[in-house]
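Visitor: Under the numbering used here, read the sequence shown as residues 6 to 197, first letter to last.
By construction, the Cβ of each residue, glycine as well, lies at the ideal position given by its N, Cα and C atoms.
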Amino acid sequence: MAAFSMCARKPRTIVYVDGFNFYYGVVKNTGYKWLDFERYFTRLRANDDIRRIKYFTALVEPGARRVRQETFLNALQTRPLIETILGRFKRKRVKCMYPACTTTGLGDRVFDVPEEKRTDVNIAIHMLDDAYQGSCEQQILVSGDSDLVPALQMVRHRFPAIGTVVYVPARTQTRVELSSSEERPTTTETFR
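What follows is the structure, given as structure tokens:
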């Protein structure tokens with residue numbers, strides 16, 4: 006990572022938040038619902054010049070969850086630094102491997118479930134595009150998704166002057182390999 010002293014200019018920084026990874030890794034079942042990412046990151050990273058916070062997600066299926074999600078996304082859009090990038094869901098058929106599994110699904114232990122698509126690709130493309138455009142001197146990734154390791158490695162390889170920081174949601178199953186300049190666990194305590 007590029008070294009920045011306290012007297013030096015603050016590094017131009019872009020934050021990339023994997024919305025579902027963050028929600029399921031940090032927020033779910035905690036009682037917390039929303040986080041003001043702009044306020045949080047400008048305080049947490051006071052020595053950085055946060056230029057943009059890119060929040061990546063996909064709209065859930067219509068219903069009460071969708072209404073809550075859209076309300077949250079609308080609230081994010083009131084913050085000047087936040088940009089929302091949407092992926093999508095695709096229906097996927099999965100078979101329950103448990104022999105005694107019973108279902109009201111499609112029969113023969115087969116379920117039709119939603120699968121989030123494009124979030125990882127969108128994050129990777131934005132990280133690389135921002136690096137190629139010279140939009141930042143530092144990138145902060147908030148995700149525990151190991152699928153993003155190649156993007157982090159490519160940014161570090163092609164743009165060694167760009168610092169990379171990873172905040173890993175603490176309860177995620179997979180861990181992003183140490184392929185950043187910094188890696189920090191993230192819990193709800195981090196956001197207080």
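Under the rule that 16 or more other beta-carbon atoms within 10 Å means buried, what is histidine 131, buried or exposed?
Guide: The residue you call residue 131 lines up with position 126 of the sequence shown. Buried, since its Cβ has 16 or more Cβ neighbours within 10 Å.
Visitor: Buried or exposed for threonine 83, going by 16 or more other Cβ atoms inside 10 Å?
Guide: Numbered from its first residue, the sequence shown carries residue 83 at position 78. Exposed, since its Cβ has fewer than 16 Cβ neighbours within 10 Å.
Visitor: Inspect the beta-carbon positions of aspartate 41 and serine 148 and report whether they are closer than 8 Å.
Guide: Here residue 41 is taken as the residue at index 36 of the sequence shown, counted from 1. Here residue 148 is taken as the residue at index 143 of the sequence shown, counted from 1. Their beta carbons are not under 8 Å apart, which means aspartate 41 does not touch serine 148 by this criterion.
Visitor: Please state whether DSSP places valine 154 in a helix, a strand or coil.
Guide: Your numbering for residue 154 matches position 149 in the sequence shown. Residue state, collapsed to three classes: helix.
Visitor: Name the two residues that bound the continuous alpha helix (DSSP H) containing glutamate 43.
Guide: To locate residue 43, count along the sequence shown from 1; it is residue 38. From DSSP, the alpha helix (DSSP H) with glutamate 43 extends over 42-49.
Visitor: Excluding five sequence neighbours on each side, which residues of the same chain lie with their C-beta closer than 7 Å to the C-beta of glutamine 74?
Guide: The residue you call residue 74 lines up with position 69 of the sequence shown. For glutamine 74, where only same-chain residues beyond five positions count, the Cβ hits under 7 Å are Leu64, Val65.
Visitor: Which term fits tyrosine 60, buried or exposed, when burial requires 16 or more other beta carbons within 10 angstroms of its beta carbon?
Guide: Position 55 of the sequence shown, counting from 1, holds the residue named residue 60. Tyrosine 60 should be labelled buried.
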